[in-house]
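Engineer:
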Amino acid sequence: MTETDRHNARTLSSLRHHGGPWLILAIAAPLLAGALLVWQAWTLAALLGGAIETGIAVDTLTPGILLILALLLARAALAAIGDRAGTAASEAIKAQLRATLFSHLLARSPRAAEQPQSGAASAAIVDQVEALDGFFAHYLPAMIQAAILPIAFGAIILPLDWLAGLLFLITAPLIPVFMALAGWGAQIATDRQARALSLLTGRFADRLRGIVTLKLFDRAEAETAGIVAASDELRRRTLRVLRIAFLSSAVLEFFAALGVAGIALYVGLTFIDYLQLRSSPLTLQLGLFLLLMAPEVYNPLRLLAAHYHDRAAAKSAIGEIEAQLGTLPAAPAPLADIKPTPSTGPAGLTATGLTLRTPDAARVILADADLTITPGEHIALLGPSGIGKSTLLEAVARLRLHEGGIALDHRPLADWPEAELRARVTMLGQKPRIFAGSIAHNIALARPGASAGDVRHAAERAHIAPFADALPDGLDTILGEGGLGLSGGQAQRIALARIYLRDAGLILLDEPTAHLDAGLEQAVLDDLKSYARGRTLIIATHSLDVAARMDRAWRIAGEALLPTPLLARKGKGVA
1 MTETDRHNAR
11 TLSSLRHHGG
21 PWLILAIAAP
31 LLAGALLVWQ
41 AWTLAALLGG
51 AIETGIAVDT
61 LTPGILLILA
71 LLLARAALAA
81 IGDRAGTAAS
91 EAIKAQLRAT
101 LFSHLLARSP
111 RAAEQPQSGA
121 ASAAIVDQVE
131 ALDGFFAHYL
141 PAMIQAAILP
151 IAFGAIILPL
161 DWLAGLLFLI
171 TAPLIPVFMA
181 LAGWGAQIAT
191 DRQARALSLL
201 TGRFADRLRG
211 IVTLKLFDRA
221 EAETAGIVAA
231 SDELRRRTLR
241 VLRIAFLSSA
251 VLEFFAALGV
261 AGIALYVGLT
271 FIDYLQLRSS
281 PLTLQLGLFL
291 LLMAPEVYNP
301 LRLLAAHYHD
311 RAAAKSAIGE
321 IEAQLGTLPA
331 APAPLADIKP
341 TPSTGPAGLT
351 ATGLTLRTPD
361 AARVILADAD
371 LTITPGEHIA
381 LLGPSGIGKS
391 TLLEAVARLR
401 LHEGGIALDH
411 RPLADWPEAE
421 LRARVTMLGQ
431 KPRIFAGSIA
441 HNIALARPGA
451 SAGDVRHAAE
461 RAHIAPFADA
471 LPDGLDTILG
481 EGGLGLSGGQ
491 AQRIALARIY
501 LRDAGLILLD
511 EPTAHLDAGL
521 EQAVLDDLKS
531 YARGRTLIIA
541 THSLDVAARM
551 DRAWRIAGEA
561 LLPTPLLARK
571 GKGVA
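One point on numbering: in UniProt numbering, the residue at position 540 of the sequence shown is 540, and numbering is uninterrupted.
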């Protein structure tokens with residue numbers, strides 16, 4: 001076993017505790033059913049032996065028959081309970097793991113260089129986590145059964161018949177050895193199949209996102225053919241995994257059949273006095289008990305073989321999850337336990353020796369820049385398009401990697417817990433995301449649980465009400481994904497209304513009035529300035545009128561951040 005396999009096995013083992021009592025029940029129920037099986041086989045052998053050898057009356061067999069029926073029903077109930085408990089444990093583990101991975105993914109900067117592709121991340125969280133289902137629901141209970149029950153059955157039979165017990169104790173452990181030999185090949189094939197699934201999912205998601213571009217450049221048919229070819233390759237890899245899985249099952253069935261045949265031959269030859277290996281005669285009851293127990297000794301191993309490929313699939317899934325999302329993090333705190341610290345007034349901001357680069361590190365945006373903003377100041381950030389204004393705002397919001405120091409309220413930005421930082425800082429980007437849903441739901445995204453009155457007030461302050469009230473359902477009008485049906489200015493105002501539902505001490509706005517006409521721009525700015533009174537505000541803008549209404553202005557030029565004096569508003573601009 002390689003170090004990677006051992007690491008994946010340890011990771012799977014560390015997830016067990018999330019199964020809770022359900023997983024314990026899933027393991028205990030089959031073991032209890034195994035104990036009842038011995039009782040049932042012995043009772044049935046006693047009934048048949050007594051009826052055949054001594055000619056006991058049928059009436060006297062009734063209690064024994066009822067006992068066997070009760071044991072059968074109890075075993076069936078335990079099997080159902082174990083199966084249900086295994087499913088519940090698996091669902092609990094998958095839900096916890098998905099929540100952990102998703103929280104860990106959200107905690108990363110969306111601009112981080114190591115951020116996985118969305119298609120690959122979704123495949124890891126959805127498909128690869130789902131591949132763990134069989135391991136916890138079926139393989140893990142089957143593994144415990146296979147490790148305990150055959151040895152326990154052999155130990156029970158050994159005092160009754162030393163040769164049969166010895167045969168069971170020798171042959172049963174050999175079967176997992178041959179299964180492991182076949183399993184090595186299955187693990188390699190499953191790793192390749194899991195990797196192919198992630199690549200296909202990521203490729204499909206990327207092509208779907210760029211379908212318009214592919215259409216414009218007449219590449220739709222070529223990419224469709226490529227996806228079909230990748231799908232066919234995934235099919236072939238899946239069939240290879242199944243072939244090896246069937247091979248491991250065939251190996252087990254072969255050796256199990258030899259063991260059962262050996263017991264049947266031994267009992268038959270002993271009864272006809274061809275073999276005399278016992279010190280006492282073999283009774284019919286004991287012979288029937290050995291024949292009844294022979295297939296049951298190997299049955300846990302058959303069950304293990306049936307689910308052996310679940311182990312390979314789970315280890316491959318863990319490897320693929322960590323390849324896409326990094327080492328599995330510790331479980332996050334429940335959402336109910338996260339209580340962001342509310343804003344306590346305007347925030348102060350200090351940047352020292354700040355250096356920003358493009359994501360590919362090919363160009364320096366800012367080099368060794370210093371910036372100090374006192375609490376409650378309103379700042380304009382100027383510069384031509386592409387100079388790095390948005391990048392600077394994202395760095396302040398801890399959404400972009402940077403060099404140098406940024407401190408919020410004299411506290412390094414890296415030291416802020418995520419929940420507290422998001423409560424203290426709010427940001428509106430140039431291209432806000434509008435989700436499929438009503439206008440009201442899109443606004444309330446900023447503060448889940450906000451009352452209808454609060455949402456309405458935020459909509460009026462952001463000047464959404466005039467166009468929303470003209471729609472058939474007002475604020476309850478359903479929007480398409482990405483703001484389908486809205487103009488750029490309307491989408492921007494919906495995002496601005498989200499800001500008004502927050503109580504942040506630092507507000508970062510990136511071209512908030514870019515899509516508005518002059519009259520509406522002034523009205524929106526009036527309400528924005530009123531709301532931002534007592535808060536720190538930074539606006540990245542091209543508009544000189546917007547900049548003139550701020551307290552100070554800074555300009556990005558030549559990799560430097562320079563203070564810029566303000567002139568009077570109303571067209572006189574900024575020096």
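Glycine residues also receive a C-beta, built at the ideal position from the N, C-alpha and C atoms.
#1: Does the Cβ of Gly348 have 16 or more other Cβ atoms within 10 Å, making it buried, or fewer, making it exposed?
#2: Indicate, with yes or no, if the ligand ZN has a heavy atom lying under 7 angstroms from the CB of Ile318.
#3: DSSP has Arg555 in a bridge; who is on the other side?
#4: Pick helix, strand or coil for Pro340, following the three-state DSSP scheme.
#5: Taking a contact to mean a Cβ-Cβ separation below 8 angstroms, would you say Ile439 touches Ile507 in this structure?
#6: Give the secondary structure of Ser13 by DSSP, where H, G and I count as helix, E and B as strand, and everything else as coil.
#7: Pairing CB atoms from the region 398 to 411 with CB atoms from the region 480 to 489, are three or more of them under 8 angstroms?
#8: Does the beta-carbon distance from Leu413 to Arg398 come in below 8 angstroms?
#9: Among the candidates Arg498, Ala446, Pro448 and Asn442, whose CA atom is the shortest distance from the CA of Gly482?
#10: Hey, out of Ser385, Ile387 and Asp503, whose CA is closest to Arg422's CA?
#11: Is the CB of Leu520 under 8 angstroms away from at least one CB in chain C?
#12: Does Lys529 pass the burial test, meaning 16 or more other C-beta atoms within 10 Å, or should it be called exposed?
#13: Taking Arg311 as part of the beta strand (DSSP E), name the residues at either end of that continuous run.
#14: State the DSSP-derived secondary structure class of Gly449, mapped to helix, strand or coil.
#15: Answer yes or no: do Leu166 and Leu158 have a C-beta to C-beta separation smaller than 8 angstroms?
#16: Here's the rule: buried if 16 or more other CB atoms are within 10 angstroms of the residue's CB, otherwise exposed. What is Tyr308?
#17: Rounded to the nearest angstrom, what separates Leu277 and Ala124 at their Cα positions?
#18: Closer than 8 angstroms is the cut-off here; do at least three beta carbon pairs connect the region 358 to 370 with the region 553 to 567?
#19: Between the alpha carbons of Leu23 and Ala147, how many angstroms are there, rounded?
#20: Cβ atoms of Leu284 and Glu53: under 8 angstroms apart, would you say?
#21: My understanding is that His515 touches Gln492, with C-beta atoms under 8 angstroms, so please give their C-beta distance in whole angstroms.
#22: Would residue 576 be called buried (16 or more neighbouring beta carbons within 10 Å of its own) or exposed?
#23: Please go through the same chain and pick out, in chain order, the residues whose beta-carbon is closer than 7 angstroms to the beta-carbon of Ile156, but skip the five residues on each side of it.
#24: Given a cut-off of 8 angstroms, decide if Leu292 and Ile263 are closer than it, judged by their beta-carbon atoms.
#25: Select from Ile211, Ala51 and Ala305 the residue whose C-alpha is nearest the C-alpha of Leu247.
#26: Take Leu36 and list the residues in its own chain whose beta-carbon comes closer than 8 angstroms to its own, dropping the five residues that flank it on each side.
#27: Under a Cβ-count criterion, where at least 16 other Cβ atoms within 10 Å of its own Cβ denotes burial, should Ile539 be classed as buried or exposed?
#28: Quick one: what does DSSP say Leu479 is sitting in, helix, strand or coil?
#29: Whole angstroms are fine: how far does the CA of Ala89 sit from the CA of Glu296?
#30: With a cut-off of 8 angstroms on the beta carbons, I'd call Ala380 and Leu356 a contact; round off their distance for me.
#31: Can you have a look at Arg535 and say buried or exposed, based on whether 16 or more other CB atoms are within 10 angstroms of its CB?
#32: List the whole-angstrom C-beta distance separating Arg209 from Glu223, where the pair is believed to meet the contact cut-off of C-beta under 8 angstroms.
#33: Per DSSP, Val546 forms a beta bridge with which residues?
#34: Run through DSSP, which three-state label would Ser487 get?
#35: May I have the straight-line CA-CA distance separating Glu460 from Gly449, to the nearest angstrom?
#36: So, at 6 angstroms on beta carbons, what are the nonlocal neighbours of Leu509 in its own chain, with the 5 sequence-adjacent residues on each side left out?
Structural biologist: By the coordinates alone:
#1: Taking the sequence shown and counting its residues from 1, one reaches residue 348 at position 348. With 16 or more Cβ atoms within 10 Å of its Cβ, Gly348 is classed as buried.
#2: Here there are no bound small molecules, and the ligand ZN is not part of this structure.
#3: Against the sequence shown, residue 555 aligns to sequence position 555. DSSP lists Leu382 and Leu562 as partners of Arg555.
#4: For the purposes of this step, residue 340 is taken as residue 340 along the sequence shown, with counting starting at 1. Residue confidence is low: Pro340 scores 45 on pLDDT, short of 50, so the model does not pin down where it sits. Its coordinate-derived value is still stated next. Note: Pro340 maps to coil in three-state DSSP.
#5: Position 439 of the sequence shown, counted from the first residue, corresponds to residue 439. Position 507 of the sequence shown, counted from the first residue, corresponds to residue 507. Not a contact, by the Cβ cut-off of 8 angstroms.
#6: As a first step, residue 13 must be located in the sequence shown, where it is residue number 13. Of the three classes helix, strand and coil, the one that applies to Ser13 here is helix, per DSSP.
#7: no
#8: In the sequence shown, counting from the first residue as 1, residue 413 sits at position 413. In the sequence shown, counting from the first residue as 1, residue 398 sits at position 398. It is a contact, given that the beta carbons lie within the stated cut-off.
#9: As a working mapping, residue 482 is identified with position 482 in the sequence shown. Looking only at Arg498, Ala446, Pro448 and Asn442, the smallest Cα-Cα distance to Gly482 is reached by Asn442.
#10: For this step, residue 422 is matched to residue 422 along the sequence shown. With distances taken between Cα atoms, Arg422 lies closest to Asp503.
#11: You won't find chain C in this structure, because it holds only one protein chain.
#12: The residue given as residue 529 occupies position 529 in the sequence shown. Exposed, since its Cβ has fewer than 16 Cβ neighbours within 10 Å.
#13: On the sequence shown, residue 311 is found 311 positions in, with the first residue counted as 1. Element bounds for Arg311: not the beta strand (DSSP E) but the alpha helix (DSSP H), Tyr308 to Leu325.
#14: Here residue 449 corresponds to residue number 449 of the sequence shown, with the count starting at 1. Three-state result, Gly449: coil.
#15: As a position in the sequence shown, residue 166 is number 166, starting the count at 1. As a position in the sequence shown, residue 158 is number 158, starting the count at 1. Yes, Cβ-Cβ distance for Leu166 and Leu158 is below 8 angstroms.
#16: Numbered from 1 along the sequence shown, position 308 holds the residue referred to as residue 308. Answer is buried; the Cβ neighbour count reaches 16.
#17: Position 277 of the sequence shown, counting from 1, holds the residue named residue 277. Position 124 of the sequence shown, counting from 1, holds the residue named residue 124. Distance between the alpha carbons of Leu277 and Ala124 is about 59 angstroms.
#18: yes
#19: In the sequence shown, counting from the first residue as 1, residue 23 sits at position 23. In the sequence shown, counting from the first residue as 1, residue 147 sits at position 147. Cα to Cα, Leu23 sits roughly 17 angstroms from Ala147.
#20: What you label residue 53 is simply residue 53 of the sequence shown in a count that begins at 1. What you label residue 284 is simply residue 284 of the sequence shown in a count that begins at 1. For Glu53 and Leu284, yes; Cβs fall inside 8 angstroms.
#21: To locate residue 515, count along the sequence shown from 1; it is residue 515. To locate residue 492, count along the sequence shown from 1; it is residue 492. Yes, they are in contact, since the Cβ atoms of His515 and Gln492 sit about 6 angstroms apart, within 8 angstroms.
#22: The chain is shown from 1 up to 575; residue 576 falls before or after that span and cannot be answered.
#23: Residue 156 sits at position 156 when you count from the first residue of the sequence shown. Around Ile156: Val38.
#24: As a first step, residue 263 is located in the sequence shown; it is residue number 263 there, counting from the start. As a first step, residue 292 is located in the sequence shown; it is residue number 292 there, counting from the start. The answer is no: Cβ separation not under 8 angstroms.
#25: Here residue 247 corresponds to residue number 247 of the sequence shown, with the count starting at 1. Ranking Ile211, Ala51 and Ala305 by Cα distance to Leu247 puts Ala305 first.
#26: Start at 1 with the first residue of the sequence shown, and residue 36 comes out as number 36. Same-chain partners within the cutoff: Leu71, Ala74, Arg75 and Leu78.
#27: Taking the sequence shown and counting its residues from 1, the one referred to as residue 539 is at position 539. Under this definition Ile539 is a buried residue.
#28: Residue mapping note: residue 479 aligns to position 479 of the sequence shown, counting from 1. In this structure, Leu479 counts as strand in the three-state DSSP scheme.
#29: The count along the sequence shown starts at 1 and reaches residue 296 at position 296. The count along the sequence shown starts at 1 and reaches residue 89 at position 89. Rounded to the nearest angstrom, the two C-alpha atoms are 26 angstroms apart.
#30: By 1-based counting over the sequence shown, the position of residue 380 is 380. By 1-based counting over the sequence shown, the position of residue 356 is 356. At roughly 19 angstroms, the Cβ-Cβ gap does not stay under 8 angstroms, so Ala380 and Leu356 are not in contact.
#31: Taking the sequence shown and counting its residues from 1, the one referred to as residue 535 is at position 535. Arg535 comes out buried.
#32: Within the sequence shown, residue 209 is the residue found at index 209, counting from 1. Within the sequence shown, residue 223 is the residue found at index 223, counting from 1. The pair is not a contact, with the Cβ atoms about 12 angstroms apart (cut-off 8 angstroms).
#33: As a working mapping, residue 546 is identified with position 546 in the sequence shown. Bridge partners of Val546: none, in fact.
#34: For the purposes of this step, residue 487 is identified with residue 487 of the sequence shown, where counting begins at 1. It is coil, neither helix nor strand.
#35: Locating residue 460 in the sequence shown gives position 460, where the first residue counts as 1. Locating residue 449 in the sequence shown gives position 449, where the first residue counts as 1. So the alpha carbons of these two residues sit roughly 19 angstroms apart.
#36: Translated into positions along the sequence shown, residue 509 becomes position 509. These residues qualify, in order along the chain: Leu428 and Ile539.
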